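Asker:
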Amino acid sequence: MSTPASLPSLTISAVRDGLSKKDFSAKELTEAALAFAQAENPKTNAYLTFSPERALAAAAKVDAEIAEGAPMRALAGVPLGVKDVIVTKGVRTTCGSRMLEKYIPPYDATAVTRLEDEGAIVIGKLNCDEFAMGSSNENSAFGPVRNPRALDRVPGGSSGGSAAAVAQGTAVITLGSDTGGSIRQPASFCGVVGVTPTYGRVSRYGLVAFASSLDHIGPFARNVEDCATTLRVMAGRDEQDSTSAFAPIDDYNTLMKHPVKGLKLGLPSEYFEGLTSETGAVIEAAIKKLESLGCEIRKISLPHTKYALSCYYIIATAEASSNLARYDGVRYTIRSTEGSTLSDMYRNTRGEGFGVEVKRRIMLGTYVLSAGYYDAYYKKAQQVRTLIARDFTDAFKDLDGILAPVSPFPAFKIGEKVDDPLTMYLSDIYTLTGDLAGVPCMSVPCGQSKDGLPIGLQIFAKHFDEATMFRIAYNYEQATSH
Ligand code: GLN
């Protein structure tokens, strides 16, 4: 069991089982995971940094507890990869940017601390689009990630490394972040499960801010159960993040096993326009499956969906332009040696440190916030955001969940969309609304294209009702073999 060959199929319960039956020790599993991830990395470029010392120290602790006969922690020995926008004490955190190429954080993100407190083993940091801006992982300063299912294709973005690591089997669970679709879209492209919890469900303390009113941390795993377990460990109020919610955390793993018979699920017509026929057919089949399990399917409308893309690219860039002001060559970043004045130093550092997409976003964001344009763009976008959120609240008055595609198309070729930002932005057309409304949503594998490219089904639920979302996903997963 502790051979690298078995890693791609391990789940949390298989790890715990193997440890308690002494099939392998946490040390053996950690060494195997590190060796496998390092050997596989040249294929996908999913990892930017490995953290063997930290991993082996954590594994030794797990082994010592087992030897003492102490109760086994929820994630004992489970290999975990962390998106490189989430800080890890003493382990380089680059955000996929030249700017932070040498940044070693002095503290851990709360989500990481909570997972480690339950025995998870951080084996490394995962590649992503620079500051999480992108949909294909091609905006990383450290090169693109390749999709393990088709190496000439993108893994999706911005959490491309997090999805690829789980798909490739180099980690059992990973963390990603989602601001406009960056967990669900890569999960869909790589054929794994990815969850964006309710806004406020998981503390963002230690998540490098992109657009604070939209940023979420969430898990990736190979099945629904492992995502539910991971979320449950991370979730809950944190004094370090004032936006983290006090809402009680349900026992997802028990509740999701209840049958779905009688649940009312909505299909928003706006999400079935403009998708490829292949994706459409796969999603249709998934809906039929849920119907056969006793769900009541209803056609609905979320009428403000058509404004989501413009609304998102105003709010997200406005917040990014402000959040990214801190990278100035003084505190965390590289520093340009060109120029003689302080302003030159700022200008040159930012000019050299940021990639093109980040600069595009900062300029756009600065523009929509500037005097004279603020009311026309930023304020308007905030009003539209309220309408988008209200669409969900209204729809959920008599629904338990909403089903939709995650992306209009499966994973595209590396290089195919890089020169056309607008086409790239369209990959997120079905995912942006979930972040704008702050509702929990996820991608669960539901089939593949003729070329064998994975396709994900998106499930939305009411605020803080992750339990129902997991229940739909789990029942679907158990009834199918994707
Ligand atoms: N692809 C979207 C963007 O480029 C979403 C990114 C994200 O969710 N972090 O902004």
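For what it's worth, the working numbering labels the leading residue of the sequence shown as 262, then goes sequentially.
We put the CB at the ideal spot given by N, CA and C, even for glycine.
All figures in this text were calculated on a predicted structure; none of them were measured in a lab.
1) Buried or exposed for R559, please, with buried defined as at least 16 other CB atoms from any protein chain shown within 10 angstroms of its CB.
2) Going by alpha carbons, who is nearest to D589 out of A581, T349, S604 and V343?
3) Taking the beta strand (DSSP E) that E557 falls in, what are its first and last residues?
4) Hey, would you say the C-beta of A586 is under 8 Å away from at least one heavy atom of the ligand GLN?
5) Please say whether S438 and V339 have beta carbons closer to each other than 9 Å?
6) What residues in its chain sit with their C-beta under 6 Å from that of F725, if we drop five residues either side in the sequence?
7) Measure the Cβ-Cβ separation of G441 and T692 and say whether it is below 9 Å.
8) So I575 and A632 are in contact, right, with Cβ under 8 Å, and what is the actual spacing, rounded?
9) With DSSP as the reference, please indicate the residues paired to S704 in a beta bridge.
10) Give the C-beta separation of L585 and F403 to the nearest angstrom, bearing in mind that I take them to be a contact with Cβ-Cβ under 8 Å.
11) Report the rounded CA-to-CA distance for E292 versus V433, giving the unit in angstroms.
12) Secondary structure at A426, three-state DSSP: helix, strand or coil?
13) Tell me the DSSP bridge mates of E408?
14) Using only the heavy atoms of the ligand GLN, determine whether one of them is closer than 8 Å to the beta carbon of D439.
15) Quick one: what's F311 bridged to in DSSP?
16) With DSSP run on the structure shown, which of helix, strand or coil describes A496?
17) Expressed to the nearest angstrom, what Euclidean distance is found between the alpha-carbon atoms of L524 and T354?
18) Can you tell me which residues form a DSSP beta bridge with A482?
19) Checking 9 Å against the spacing of the C-beta atoms, do V343 and T435 come in under that value?
20) Tell me whether S553 is buried or exposed, calling it buried when 16 or more other Cβ atoms sit within 10 Å of its Cβ.
21) Looking at F471 and the ligand GLN, is the gap between the Cβ and the nearest heavy atom below 8 Å?
22) Under 8 Å by Cβ, that's how I've got I384 and L295 pegged, so tell me the actual separation to the nearest angstrom.
23) Just checking my contact of N388 with S401 at CB under 8 Å: how many whole Å lie between their CB atoms?
24) Grab me the residues of S274's own chain with a C-beta within less than 7 Å of its C-beta, minus the 5 sequence neighbours each way, in chain order.
25) Quick one: does the C-beta of D680 sit closer than 8 Å to a heavy atom of the ligand GLN?
26) Return the bridge partner residues of H477 from the DSSP annotation.
27) In chain order, what residues of the same chain lie with their CB nearer than 8 Å to the CB of D655, ignoring the 5 residues before and after it?
28) Going by DSSP in three states, V463 sits in which element: helix, strand or coil?
29) Which residues bound the alpha helix (DSSP H) around I273?
30) Helix, strand or coil, according to DSSP, for L536 in the structure here?
31) List the whole-angstrom C-beta distance separating S505 from S464, where the pair is believed to meet the contact cut-off of C-beta under 8 Å.
32) Taking the alpha carbon of G717 as the point to measure from, which residue in K723, C707 and K711 has its own alpha carbon closest?
33) How about P666 and R410: do their beta carbons lie closer than 9 Å?
34) Name the one or two DSSP bridge partners that T349 has.
Answerer: This is what the structure holds:
1) exposed
2) S604
3) E557 to I561 is the span of the beta strand (DSSP E), which, as asked, contains E557.
4) no
5) no
6) Cβ within range, chain order: T459 and A508.
7) yes
8) 16 Å between Cβ atoms; not a contact.
9) G455 and Q719
10) With a Cβ gap of about 18 Å, L585 and F403 do not count as contacting.
11) Looking at the two C-alpha atoms, the distance is approximately 14 Å.
12) helix
13) Residue 408 is actually Asn in this sequence, not Glu. Answer is A411, bridged to N408.
14) yes
15) G385
16) strand
17) 43 Å
18) I434 and V454
19) yes
20) exposed
21) yes
22) 6 Å
23) 5 Å
24) none
25) no
26) D439
27) none
28) strand
29) I273 -> alpha helix (DSSP H) spans I273 to S281.
30) The answer is coil: DSSP assigns L536 none of H, G, I, E or B.
31) 4 Å
32) The residue from K723, C707 and K711 with its alpha-carbon nearest to that of G717 is C707.
33) no
34) V352
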